[in-house]
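Numbering (the numbering used here), first residue to last: 348 to 572.
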Ligand code: FPP
């Protein structure tokens with residue numbers, strides 16, 4: 348049985364979910380945010396150490412400004428409204444990605460939730476915000492060069508935004524596409540991949556449980572025999 352310490356999810360399909368119902372795309376994001384809470388609580392209860400969610404990529408800035416603004420407002424609301432849920436479930440909140448490019452009010456909210464949850468030791472809930480795997484690797488290498496540290500796998504691991512979370516064990520993508528889209532490129536080198544056509548707002552903890560149970564039976568060889 349494979350251990351599951353680090354689960355990563357690419358939450359895709361919000362726009363299509365909304366379109367299918369004749370709603371604006373933002374309605375899909377709104378419903379997608381509800382699923383985030385269910386999945387986080389489930390992972391916390393299951394004793395998973397880290398749940399990394401791709402909430403906003405370095406490429407998502409090319410979307411229409413109105414959709415970007417809506418996503419930022421939704422995130423802000425989420426960070427405020429989920430404080431109780433985070434505390435009750437002993438969840439520690441983190442972000443990966445360059446958050447200095449986010450709106451100042453959102454940065455304040457992020458900082459507040461990080462401080463509030465700093466002493467919790469259950470699930471690490473990690474949101475990718477203005478996150479791109481390539482950008483993260485470049486930033487890590489620059490940090491190492493600037494401080495004169497020799498480049499090695501270990502030093503890069505330590506300089507990445509995910510330092511301390513360890514490699515991804517299982518990477519799930521909803522929404523039917525089968526690609527990684529610049530999420531946790533370094534950390535997912537040996538991740539098991541699971542793709543489902545379920546659109547993110549329809550994703551349930553029942554389906555998550557099924558995927559995890561199937562993952563546990565896989566033969567992980569890490570390049571060995
Ligand atoms: C991809 O769906 C989803 C996103 C780019 C944003 C993810 C955001 C959420 C799940 C909601 C907010 C999250 C939090 C943590 C509050 P898409 O828009 O690319 O869908 P499509 O492929 O069907 O167009």
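Quick reminder that beta carbons are idealized off the backbone N, C-alpha and C, glycines included.
For residue 517, the three-state secondary structure derived from DSSP is strand. Residue 475: member of the beta strand (DSSP E) spanning 471–478, first to last residue. Between residue 531 and residue 571, the C-beta gap is not smaller than 8 angstroms, which leaves the two residues out of contact.
Residue state for residue 429 is assigned as coil, using DSSP reduced to three classes. Of the residues assessed, residue 408 falls on the exposed side of the cut-off, its CB having fewer than 16 other CB atoms within 10 angstroms. Per DSSP, residue 537 lies in no alpha helix (DSSP H) and is assigned neither H nor E.
In the three-state scheme derived from DSSP, where H, G and I count as helix and E and B as strand, residue 409 is classed as helix. With contacts defined by Cβ atoms closer than 8 angstroms, residue 507 and residue 487 form a contacting pair.
The ligand FPP has a heavy atom closer than 7 angstroms to the beta-carbon of residue 376. Proximity to residue 431 across 418, 401, 384, 503 peaks at 384, based on C-alpha coordinates. Straight-line measurement puts the Cα of residue 540 at about 15 angstroms from the Cα of residue 350.
With contacts defined by Cβ atoms closer than 8 angstroms, residue 449 and residue 426 do not form a contacting pair.
Short note on residue 467: C-beta not closer than 7 angstroms to any heavy atom of the ligand FPP. The segment 436–515 is shown to contain whole beta strand (DSSP E) runs of 3 or more residues at 439–443, 471–478, in chain order. The ligand FPP has a heavy atom closer than 7 angstroms to the beta-carbon of residue 547. With contacts defined as CB atoms closer than 8 angstroms, residue 379 and residue 523 fail to qualify as a contacting pair. When the beta-carbon positions are compared, residue 546 and residue 472 stay at least 8 angstroms from each other. Cβ neighbours of residue 363 within its own chain (closer than 8 angstroms, five residues either side excluded): 375, 522, 546.
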